[in-house]
Amino acid sequence: MDVTGQSNVGVELYVFQRAKHLQKHCGDQIVIKEDASGLLCALVDGLGSGKEAEKAAKAVTEVIDAHSSMHLRDIVVEANKAISGLRGAAIAIWYANFAKQQLTYCGIGNIRFYLLGEGDKLLFPISSTGFLSGRKQKIRTQKFDYKAGSKFLMHSDGLVLGGVKKYLFASGSIESTGHCIESNVNDIPEDDVTFIVGEFPISD
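Start counting the sequence shown at 339; every next residue gets the next number (this note's numbering).
Given below as structure tokens:
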């Protein structure tokens with residue numbers, strides 16, 4: 339799966355996904371939701387792969403979708419409850435406030451997120467260790483400022499990528515950047531691979 343699109347306010351997005359060994363079930367799941375104030379984006383990676391990993395990840399994304407108006411911390415608390423009794427899952431979730439040009443991030447596990455911030459500084463928040471499991475978690479959020487035209491990248495651990503900065507500084511379209519990142523993925527990968535690369539709109 340690879341999808342290029344634009345949100346109602348002009349956020350350019352390229353989404354790519356390929357399941358381990360090209361299986362039917364993928365343990366990586368995505369939520370992308372926009373409202374008048376901002377963009378919510380989440381990537382969930384169910385432990386392992388296959389049907390059970392997909393089931394766990396979907397349990398989390400269904401909660402995110404249903405509670406998207408809540409604060410990120412509260413969304414993750416609810417998602418952690420929902421995954422009890424299933425395989426665990428890593429999560430990275432963020433909300434970009436368009437008016438403030440500020441992004442709030444929360445992550446648990448080994449999903450990677452990168453953002454070009456003020457002064458073109460590469461920001462890469464460190465997620466909490468562990469994974470959603472139903473057990474009590476220490477959940478923390480982080481805030482970052484971004485500028486109009488900033489690019490971002492979020493990916494599951496199935497993608498091995500060196501030199502992230504060169505992709506986020508690339509002058510081409512988000513679609514061309516997505517294709518360049520995609521070239522690092524094996525035709526038949528050894529793990530589920532998902533990434534989302536995007537660019538915030540440039541101010542008028």
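Cβ coordinates follow ideal geometry from the N, Cα and C atoms, glycine included.
### Query
By a C-beta neighbour count over all protein chains shown, 10 Å radius and 16 as the cutoff for buried, is Q344 buried or exposed?
Along the sequence shown, read from residue 1 onward, the residue named residue 344 stands at position 6. Reliability of the predicted coordinates at Q344 is poor, the pLDDT of 48 falling under 50, and no value is obtained from them.
Which of the three DSSP states is assigned to L453 in this structure? As a first step, residue 453 must be located in the sequence shown, where it is residue number 115. Of the three classes helix, strand and coil, the one that applies to L453 here is strand, per DSSP.
- Can you tell me which of the three DSSP states V535 falls into? The residue labelled residue 535 in the question sits at position 197 within the sequence shown. If DSSP states are grouped into helix, strand and coil, V535 belongs with the strands.
Going by beta carbon distance, what residues of the same chain come within less than 8 Å of I421, once the five residues before and after it are set aside? The count along the sequence shown starts at 1 and reaches residue 421 at position 83. So the list reads A394, A397, V398, A427, L470, S471, G472, once near-sequence residues are dropped.
query: CB-CB under 6 Å to I534, same chain, minus the five flanking residues each way: which ones, in chain order?
result: Counting from 1 along the sequence shown, the entry for residue 534 is found at position 196. These residues qualify, in order along the chain: V353, M492.
Quiz item: Is it right to say R356 is buried, meaning 16 or more other beta carbons lie within 10 angstroms of its own, or is it exposed?
Solution: Walking along the sequence shown from the start, residue 356 turns up at place 18. Classification for R356: buried.
In angstroms, rounded to a whole number, what distance separates the CA positions of G501 and N418?
-> Along the sequence shown, one-based indexing puts residue 501 at 163. Along the sequence shown, one-based indexing puts residue 418 at 80. Approximately 33 Å between the Cα atoms of the pair.
**Request:** May I ask which residues mark the beginning and end of the alpha helix (DSSP H) holding G516?
**Result:** For the purposes of this step, residue 516 is taken as the residue at position 178 of the sequence shown. According to the DSSP assignment, G516 belongs to the alpha helix (DSSP H) that extends over 512–520.
Neighbour-count burial assignment, L351, 16 or more Cβ in a 10 Å radius: Here the question's residue 351 lines up with position 13 in the sequence shown. Buried, because 16 or more other Cβ atoms sit within 10 Å of the Cβ of L351.
Rounded to a whole number of angstroms, what is the C-alpha to C-alpha distance between K389 and G457? Sequence index remark: in the sequence shown, residue 389 carries index 51 (1-based). Sequence index remark: in the sequence shown, residue 457 carries index 119 (1-based). Their Cα atoms are separated by approximately 43 Å.
Measure the alpha-carbon distance for N346 versus S406 and round it to whole angstroms. Here residue 346 refers to the residue found at position 8 of the sequence shown. Here residue 406 refers to the residue found at position 68 of the sequence shown. Reliability of the predicted coordinates at N346 is poor, the pLDDT of 47 falling under 50, and no value is obtained from them.
Taking only the alpha-carbon atoms, compute the straight-line gap between F436 and L360 and give it to the nearest angstrom. For the purposes of this step, residue 436 is taken as residue 98 along the sequence shown, with counting starting at 1. For the purposes of this step, residue 360 is taken as residue 22 along the sequence shown, with counting starting at 1. Taking the straight line from one Cα to the other gives about 37 Å.
May I ask which residues mark the beginning and end of the alpha helix (DSSP H) holding V369? Reading the sequence shown from its first residue, position 31 is the one you call residue 369. Run containing V369: none in the alpha helix (DSSP H); it sits in the beta strand (DSSP E), 366–372.
(Q) Taking the beta strand (DSSP E) that R564 belongs to, which residues open and close that run? (A) Within the shown structure, residues of the chain are numbered from 339 to 542, placing residue 564 beyond reach of any answer.
### Task
Take N448 as the anchor and find which of L499, S509, F490, S466 has the nearest alpha-carbon.
As a working note, residue 448 is residue 110 in the sequence shown. When only C-alpha atoms are compared, the closest one is S466.
* What's the gap between the Cα of K358 and the Cα of D366? -> Taking the sequence shown and counting its residues from 1, one reaches residue 358 at position 20. Taking the sequence shown and counting its residues from 1, one reaches residue 366 at position 28. Approximately 10 Å, taken between the alpha carbons.
* Asked: Do the segment 371–385 and the segment 521–541 touch if we need at least three Cβ pairs shorter than 8 Å?
  -> Result yes; three or more Cβ-Cβ pairs closer than 8 Å.
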